[in-house]
Amino acid sequence: MQPRRQPPPAPRSGPGNPRPTAPLLALLLLLAPVVAPAVSRGAEDPAQPQDAGVRRRLLQQAARAALHFFNFRAGSPSALRVLAEVQEGRAWMNPKEGCKVDVVFSTERYKPESLLQEGEGRLGKCSARVVFKNQKPRPAINVTCTRLIEKKKRQQEDYLLYKQMKQLKNPLEIVSIPDNHGHIDPYLRPIWDLAFLGSSYVMWEMTTQVSHYYLAQLTSVRQWKTNDDTIDFDYTVLLHELSTQEIIPCHIHLVWYPGKPLKVKYHCQELQTPEEASGTEEGSAVPTELSNF
Amino acid sequence: MQGTPAGGTSPGPSPMDRQTLLVFSLILAAALGQMNFTGDQVLRVLAKDEKQLSLLRDLEGLKPQKVDFWRGPARPSLPVDMRVPFSELKYIKAYLESHGLAYSIMIKDIQVLLDEEREAMAKSRRLERSTSSFSYSSYHTLEEIYSWIDNFVTEHSDIVSKIQIGNSFENRSILVLKFSTGGSRHPAIWIDTGIHSREWITHATGIWTANKIVSDYGKDRVLTDILKAMDIFIELVTNPDGFAFTHSMNRLWRKNKSIRPGIFCIGVDLNRNWKSGFGGNGSNSNPCSETYHGPSPQSEPEVAAIVNFITAHGNFKALISIHSYSQMLMYPYGRSLEPVSNQRELYDLAKDAVEALYKVHGIEYFFGSISTTLYVASGITVDWAYDSGIKYAFSFELRDTGRYGFLLPATQIIPTAQETWMALRTIMEHTLNHPY
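If you read the protein sequences in the order shown, they are chains A and B. Using UniProt numbering, you'd call the opening residue of the first sequence number 1 and step up by one each time. Using UniProt numbering, you'd call the opening residue of the second sequence number 1 and step up by one each time.
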């Protein structure tokens, strides 16, 4: 896979100054904080748009990475958040540490079938420091967010979800969620939420400065067994990586109980090289161990 | 009664398995005089070892017969598929469970599946005979779209015509709709959707847009002025082979379906196959990659068809290529950070278009050059268009920003199309008012 080259360090230029000064041997990428106006999501200074565009993208991606981490750490399938808007941020780059980003952003609840495109109007606010370590995955993240849902309500919703999972027929049928038309059956929603939670961990761990992941589809829930009181399930997701446009199948196994930290193990498929794609390979991985409760 | 084994090795019932099922069952039903399979299930069992395998073989030998193997017990680790009549389900499941045999339900009710398949097949034969009953708020198959095109052209033959500009790798027609109020070789605007087949919202938006044009002609002053002076061309299914594949086998397929001897991965990224910075950063020489640029510029028939058509026409003034997702409106270049010569103009136009879009449903789009807004990508449509002299070259990334991604719910088709239309209209109006 071809590595995506870094954009060249931007020449310094203040706002309203169309002519760039001599480019520095820059260790600093940018200093000016960004305020993104609601509608004009374009370059601040069109004569040097590459600065603003690259900066904005970096802040967005840092915010998303922070949210993957936050969602995983919160460990609550009822309290998942998605990015609403980046509000401000700045970034530093140095050869030793890598790329450090401070970003402030708003979030909303992740509710796939919410009627309002922009969510329910309740916006939480987060601030994060994200450090991408020189092309290595698993960025170091420090993130705090204001509360979006009452703790008690969250616990209740988690417990309700837990009970719904417990009541699902066992063994589970293999289905695609969402279906090919983007629809999620309400009966299957708890599975999806829990799968999204587990996938957040995987996506955080795989994120680098250039690789950013989205959860495209859940393609199978292979086996769901109860092991004492915890929920223990295996599933396969398709992750979409934006810069390469690749679809990456990942097999994930998670163990969850409301209020307890989430345990996740996973294996994602590598991109095939022409030599490996012999055409007679077996299809997607089937777990070698299956057991009924 | 031995069943025919279902094809494929994938764990879930693939469409090919389902076809096999249908055919098998229909033959069976015919032979046995309309059997009913209500409540019958197909179970998939994974035997861990020979001992478990022989337990399964024992089932086979039961008299009266309780299961019907579609994929018989062969080796451990290969799935065993068996049809279990409704009356025997309880017994068989208890048998499996008591012997520790893991199983999953592949098909919950065969009769339901049969009925669905039959309905779907009948539906596909019953293609609509007019566009008034066509649902603009659903996703459609290739056959449905091509059928709609024929009806649409018939109903609006005063300003719409259909042109075949070539054939895809698998020999499907590549079709373009031409909107024209006459004249010869008016300056023209090009719009394409579906160059990446998994981006279903783009085809759906294109279809709605085509209908919007004929509806608003004569009513919307801006559109009417545009059409009086210019022609509009819309290629709805720019990658028909890929699109068919997203319906039949792989919903997330992106590339075309070209095959080359000795190369085991299929398909070229049609948006990396253009003759502009071909093979550069942001495209891949690995045929297994999603951004594989192909062996040479324009090597793909789907791209060559457009290049030939636009070049032969010689009077295109704007080109708009529509993708999803990310909510962005962008202009060249994708291949480098170098700004185009009329960057300021394109920046301002994109800004206006995005504001017009926002006013419809409050959806926010980023805008800027492709390389700075999205990522560096080489050999792309709009770079080629710009280098060919088309000053107003834009690329859209429609809804959403990742919540659903490619699997955008059909309920968002019309809102997306409505807002996108306002942006398209802005760009077309500017093109009209700035002849060159």
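The beta-carbon is built from N, C-alpha and C at its ideal position, and this holds for glycine as well. Since the structure is predicted, the reported quantities are computational estimates derived from the model, not experimental observations.
Residue i - DSSP class collapsed to helix/strand/coil
i      : result
B:E300 : coil
B:P64  : coil
B:K391 : coil
B:A377 : coil
B:Q111 : helix
A:Y213 : strand
B:T372 : helix
B:D231 : strand
B:T246 : helix
B:V382 : helix
A:W192 : helix
B:L252 : coil
A:K263 : strand
A:S200 : helix
B:E419 : helix
B:I259 : coil
B:L432 : helix
A:H183 : coil
A:E241 : strand
B:L236 : coil
A:L29  : Because the pLDDT of A:L29 is 42, which lies under 50, any placement of that residue in the model is unreliable, and the question is left without a value.
Residue i and residue j closer than 7 angstroms at C-beta
i                      : j      : result
B:T193                 : B:S324 : no
B:F367                 : B:L329 : yes
A:V86                  : A:Q61  : no
B:A244                 : B:L142 : yes
A:D193                 : A:P77  : yes
A:E246                 : A:R138 : no
B:P332                 : B:A423 : no
A:Q135                 : A:T208 : yes
A:Y266                 : A:V175 : no
residue 299 of chain A : A:A128 : Because chain A is modelled from 1 through 293, residue 299 of chain A falls outside the range shown and cannot be assessed.
B:R254                 : B:E290 : yes
B:A188                 : B:N315 : yes
B:I165                 : B:A305 : yes
B:S371                 : B:V382 : no
B:E50                  : B:S168 : no
B:S147                 : B:A410 : no
B:V80                  : B:L96  : no
B:F233                 : B:W190 : yes
B:V45                  : B:Y103 : yes
B:G242                 : B:S197 : yes
A:Y235                 : A:A195 : yes
Per-residue burial, residue i [other beta carbons within 10 Å of its own, 16 or more giving buried]
i                      : result
A:R57                  : buried
A:P18                  : Here the model assigns A:P18 a pLDDT of 36, short of 50, so the residue's position is not dependable and the matter cannot be decided.
residue 437 of chain B : With chain B covering 1 to 436 only, the question about residue 437 of chain B has no answer from this structure.
B:Q343                 : buried
A:K153                 : exposed
B:I266                 : buried
A:Q167                 : exposed
B:G379                 : buried
B:N308                 : exposed
B:R172                 : buried
B:S296                 : exposed
B:I163                 : exposed
B:K257                 : buried
B:Y436                 : exposed
B:T209                 : buried
B:K228                 : exposed
B:E300                 : buried
A:P37                  : Caution applies to A:P37, whose pLDDT of 37 falls short of 50 and renders its modelled position unreliable; the model cannot decide the point.
B:V222                 : exposed
B:M428                 : buried
Hey, which unbroken runs of the alpha helix (DSSP H) at 4 residues or more fall wholly within the UniProt domain "Cystatin LXN-type" (41-153) of chain A?
-> Entirely contained in the UniProt domain "Cystatin LXN-type" (41-153) of chain A, the alpha helix (DSSP H) runs reaching 4 residues are, in chain order, 49-74.
Can you list, in chain order, the stretches of the alpha helix (DSSP H) that have 4 or more residues and sit fully within the region 176-229 of chain B?
-> Within the region 176-229 of chain B, complete alpha helix (DSSP H) segments of at least 4 residues are found at 200-216 and 221-229, given in chain order.
Any 3 or more C-beta pairs closer than 8 angstroms across the region 383-398 of chain B and the region 281-293 of chain B = Because the criterion of three Cβ pairs below 8 angstroms is not met, the region 383-398 of chain B and the region 281-293 of chain B do not touch.
Which whole runs of the beta strand (DSSP E) in the region 283-354 of chain B are 3 residues long or more, in chain order?
-> Counting only runs of 3 or more, we get 316-324 and 328-331.
For the region 133-174 of chain B, which segments carrying the alpha helix (DSSP H) assignment without a break, of at least 4 residues, lie completely within its bounds, in sequence order?
-> Scanning the region 133-174 of chain B from its first residue to its last, the whole alpha helix (DSSP H) runs of 4-plus residues come out as 142-155.
Please confirm if the region 66-77 of chain A is in contact with the region 256-264 of chain A, defined as three or more CB-CB distances below 8 angstroms between the two stretches.
-> At 8 angstroms Cβ cutoff, the stretches touch.
List in chain order: all unbroken alpha helix (DSSP H) runs of 4+ residues lying wholly within the region 35-107 of chain B.
-> With a minimum length of 4 residues, the continuous alpha helix (DSSP H) runs that stay inside the region 35-107 of chain B are 50-60 and 89-98.
Please determine if the region 40-54 of chain B and the region 77-96 of chain B are in contact, where contact requires at least 3 C-beta pairs separated by less than 8 angstroms.
-> Enough Cβ pairs lie closer than 8 angstroms, so yes.
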